[in-house]
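One structure is given here, and the rest of the page talks about it.
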Amino acid sequence: MSGATIRRRGGARRTWWGSWAWFSALGLAVLLPWIIFDWRHGRHDGFAVALLTQTAIMSVFALSYNMLSGQSGLLSFGHAVFLGLPAYVTIHVMNAIAAGHLWIPEELLPLVGGISGLLFAALFGYPTTRQRATAFAMITFGIGELVTAAATMFQGFFGGEGGVTADRALNTSLLGLSYEPAIEVYYLALAWTVIAVVLMRLLARTPLGRMAEACRDNHERVRFLGYDPHGIRFCQFALSGFFAGIAGALYAMTYEIVTYDAVGATLSGNALFMTFIGGVGVFWGPIVGAVLVVIMQSWVGLVSNAWQIYVGVLFIAMVMYAPGGLAGLIVLHGPVWQEGRIQALLLSYARVALPGLLAVLGFVALVELGSSVMLGEHEKGAVRLFGGALDPASPWLWGGGAALLLIGGSIARRQGRALAARWALIAEGTSAG
Amino acid sequence: MTPALALRDVHKSFGATRIIQGVSLEIRRGERHAIIGPNGAGKTTLFNLISGRLPVSSGVIALNGRPIQNRSPQKIRRLGLTRSFQIISFFHRLSVLDNLRCALLWPLGYRVAFWRLLDRERRLNQAAEEWLERLALTARRDVQAGALSYAEQRALEIGLTVAGGAEVVLLDEPTAGMDRGEADRTTALIREITQGKTLVMVEHDMNVVFGLADRISVLVYGHLIASGAPGDVRGDPAVQEAYLGAEAA
Ligand SMILES: Nc1ncnc2c1ncn2[C@@H]1O[C@H](COP(=O)(O)OP(=O)(O)OP(=O)(O)O)[C@@H](O)[C@H]1O
Ligand SMILES: [Mg+2]
């Protein structure tokens, strides 16, 4: 069988499909504020716009993280530093502009964030990128903690507990926009997201991008080809800081406040979650992860205060069962889909999905019951779950949840093995095999 | 004329274990030199010392008259010495083409260029395609290197080593694990691509050694016991006793 021809044909088709997907994603991002429109009041839905803006910012942030994790094989636990510090710089610059000390067009503020991100990443990155693997991860964690501690100590720059605030209506727009309405900031963020995504995509195809991947695969061999792996990691780290800095500036402009949360471990952890849930091995994986995590954080966060548990469990499940992330799963199905064999798998999927869904329901019930007990809300009488009011003191609910989780889970596991066997059979002979 | 590569009284110990014990050797420019010796003699260690992978315990290694011992591998590579690995070592998740492009980037002066697109670089891609052709890997151009067959992986290993055009080439058992036909093809390939270069090769396969080498050195437990033309080395009683005995008989 000629693997090469199948691959090339698949490659060509995927390119066409790929640009179609990119343009429809962009089209959707542009149109969504008009699709989800608050017709009753004749204005944009504030929640939707906030969600979209956050997704755009987090997409850039997660992609910049993947320049390290996916492309360079470097696991960072302090990436928020390169979003947060530029966010502080940007918010100070915004105040300086407002005070008349500076004049920078509002549309170019993300560049301020980007350049400061580049400088901070170069500064911290030079010693850090001497290391790789575990030592690198430890140092980035240390830097994250260090900067978070500094943020509470040095009031002048970081503003202490309260953070630093600014007003984004600066009157320096080149387009004559005030940037008072959130929708204007969204479109600015979207434009910069497109710029950052295109640049990062191109960067992956440059000599530096390729050598970063080479370093990831075999850092020692790189040296015998004339390269210094430290230099490669350093450049990649600094450029990753540039893009995280763009996200940081957009963050400052969107929220008009920057506190030490912006440099903290939770945000660093989110970069890791988004990237690994979405998929490190595919360029657009982190965007999928960003969309999902933002939705879980905001939407699920509205109805449940346990959203972090769900993100955490999803993360663990992905790392265990689908280390390629969601994007990896999607890409895996590409050849099977193209060769029209996906129908043969549908039944097997349904057999896993149904009990799987029940297990998820059971798990959600247990988590929600548990969290309401912890918060003491049961004193008010009921947990709102699945549209109804439930009594968290009822043993039936706890038992039912546990039963769903256990029975659904074990059936899903058994069916999962059958699916894997069937998958191996189907994938044989296609280029997925 | 200064030798391409000169070792003077090179020693290497790991802790108390002395692995290389005073090796002196001159490799002339343009010659093909084979280093043979029993397993564990220190042949790979010697390559590690020359290529900067390990620091020497003492002694001098000179490339074109210039001392290179204890310098970093990348510095030594930039000075014109390249090596392959006995245990295959490449970028397993990159395509075959990208592996070769990685080997060409530094020699062609790209360094960490992040403002150039690989696919747009005519000179780079032309050179990479030529190497694919030479290594008979054109049909495997877009396959991940890790998915190649063993013989193809060995060919790529040689390609990675030689593609950058260094003048002194060290190959560590390039035909290890190959059958006769594959070994013969690899020998022909090595002969072709080291045309006009200086080659130092560790090899166990005597067909390859006597087919390719202008001179042979024999390393036994860290000592160089003989060095000379193939006929002389084959006839050397010390060598016959220490190493070639079984095969010469
Ligand atoms: N990094 C190291 N630390 C300690 N001992 C080492 C190290 N590298 C090699 N050795 C030892 O040095 C000796 C020589 O090893 P080397 O790999 O150089 O032999 P070789 O001649 O290449 O053998 P082979 O023909 O099996 O490839 C071996 O006994 C090996 O165990
Ligand atoms: Mg060896």
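Protein sequence lines correspond, in order, to chains P and E.
Using numbering that gives the first Met the number 0, read the first sequence as starting at 0 and increasing by one per residue.
Using numbering that gives the first Met the number 0, read the second sequence as starting at 0 and increasing by one per residue.
Note that the Cβ used here is the ideal one computed from N, Cα and C, for glycine as well.
From a predicted model like this one, the values you see are computed outputs, not experimental measurements.
Is residue i close to chain E, meaning its C-beta is less than 8 Å from at least one C-beta of that chain?
| i | result |
| --- | --- |
| residue 245 of chain P | no |
| residue 446 of chain P | Lying outside 0 to 432, the shown extent of chain P, residue 446 of chain P is not represented and no answer is given. |
| residue 166 of chain P | no |
| residue 216 of chain P | yes |
| residue 114 of chain P | no |
| residue 230 of chain P | yes |
| residue 0 of chain P | Its pLDDT being 34, under 50, residue 0 of chain P is placed unreliably by the model, and nothing is read from it. |
| residue 227 of chain P | yes |
| residue 223 of chain P | yes |
What does DSSP give as the partner residue(s) for residue i in the beta ladder?
| i | result |
| --- | --- |
| residue 4 of chain E | E:26, E:62 |
| residue 11 of chain E | E:19 |
| residue 59 of chain P | According to DSSP, which records beta bridges pairwise, residue 59 of chain P is partnered with nothing at all. |
| residue 227 of chain E | E:215 |
| residue 118 of chain E | Answer is none; residue 118 of chain E lacks a bridge partner. |
| residue 200 of chain E | E:33, E:170 |
| residue 256 of chain P | P:164 |
| residue 81 of chain E | E:168 |
| residue 42 of chain P | P:37 |
List the residues of chain A whose Cβ lies closer than 8 Å to the Cβ of residue i, in chain order.
| i | result |
| --- | --- |
| residue 220 of chain P | As a matter of chain content, chain A is missing from the structure shown, whose protein chains are P and E. |
Using alpha carbons as the reference points, say which of the options lies closest to residue i.
| i | options | result |
| --- | --- | --- |
| residue 41 of chain E | E:55, E:29, E:28 | E:55 |
| residue 225 of chain E | E:154, E:141, E:185, E:36 | E:36 |
| residue 313 of chain P | P:362, P:21, P:199, P:124 | P:362 |
| residue 200 of chain E | E:84, E:151, E:111, E:23 | E:84 |
| residue 440 of chain P | P:210, P:76, P:235 | Nothing about residue 440 of chain P can be read from this structure; chain P reaches only from 0 to 432. |
| residue 202 of chain P | E:142, E:114, E:19 | E:114 |
| residue 33 of chain P | P:67, P:90, P:51, P:252 | P:51 |
| residue 409 of chain P | P:426, P:360, P:354 | P:354 |
| residue 423 of chain P | P:340, P:214, P:42, P:183 | P:340 |
| residue 164 of chain P | P:132, P:237, P:90 | P:90 |
| residue 253 of chain P | P:364, P:56, P:238 | P:56 |
| residue 154 of chain E | E:223, E:165, E:176 | E:176 |
| residue 220 of chain E | E:4, E:98, E:16 | E:16 |
| residue 83 of chain P | P:356, P:309, P:146 | P:146 |
| residue 189 of chain E | E:162, E:178, E:215 | E:162 |
| residue 145 of chain E | E:45, E:227, E:95 | E:95 |
| residue 86 of chain E | E:157, E:97, E:228 | E:157 |
Taking Cβ positions only, does residue i come closer than 8 Å to chain P?
| i | result |
| --- | --- |
| residue 68 of chain E | no |
| residue 105 of chain E | yes |
| residue 73 of chain E | yes |
| residue 81 of chain E | yes |
| residue 148 of chain E | no |
| residue 216 of chain E | no |
| residue 176 of chain E | no |
| residue 163 of chain E | yes |
| residue 93 of chain E | yes |
| residue 56 of chain E | no |
For residue i and residue j, what's the separation of their Cα atoms in angstroms?
| i | j | result |
| --- | --- | --- |
| residue 271 of chain P | residue 246 of chain P | 15 Å |
| residue 137 of chain E | residue 419 of chain P | 34 Å |
| residue 104 of chain P | residue 293 of chain P | 29 Å |
| residue 150 of chain P | residue 144 of chain P | 10 Å |
| residue 134 of chain E | residue 1 of chain E | 32 Å |
| residue 48 of chain E | residue 67 of chain E | 10 Å |
| residue 37 of chain P | residue 194 of chain P | 29 Å |
| residue 166 of chain P | residue 47 of chain P | 22 Å |
| residue 170 of chain P | residue 114 of chain P | 22 Å |
| residue 233 of chain P | residue 124 of chain P | 6 Å |
| residue 21 of chain E | residue 240 of chain E | 21 Å |
| residue 14 of chain E | residue 142 of chain E | 43 Å |
| residue 11 of chain E | residue 171 of chain E | 18 Å |
| residue 431 of chain P | residue 413 of chain P | In this predicted model, residue 431 of chain P has a pLDDT of only 47, less than 50, meaning its place in the structure is not dependable; the value taken from the coordinates is given anyway. One C-alpha to the other measures close to 23 Å. |
| residue 304 of chain P | residue 401 of chain P | 20 Å |
| residue 72 of chain P | residue 216 of chain P | 8 Å |
| residue 108 of chain E | residue 183 of chain P | 45 Å |
| residue 205 of chain P | residue 199 of chain P | 10 Å |
| residue 256 of chain P | residue 69 of chain P | 31 Å |
| residue 289 of chain P | residue 258 of chain P | 21 Å |
| residue 278 of chain P | residue 329 of chain P | 10 Å |
| residue 104 of chain E | residue 123 of chain E | 7 Å |
Members of the segment 183-213 of chain P that neighbour chain E once the beta carbon cut-off is set at 8 Å:
201, 202, 204, 205, 206, 207, 208, 209, 210, 212, 213
Residues within the segment 101-130 of chain E neighbouring chain P, beta-carbon criterion of under 8 Å:
101, 102, 104, 105, 106, 109, 110, 111, 112, 113, 114, 115, 116, 117, 118
Closer than 8 Å between beta carbons: that is the criterion. Which residues of the segment 238-264 of chain P meet it against chain E?
238
In the segment 53-67 of chain P, which residues sit with their C-beta less than 8 Å from some C-beta in chain E, listed in chain order?
none
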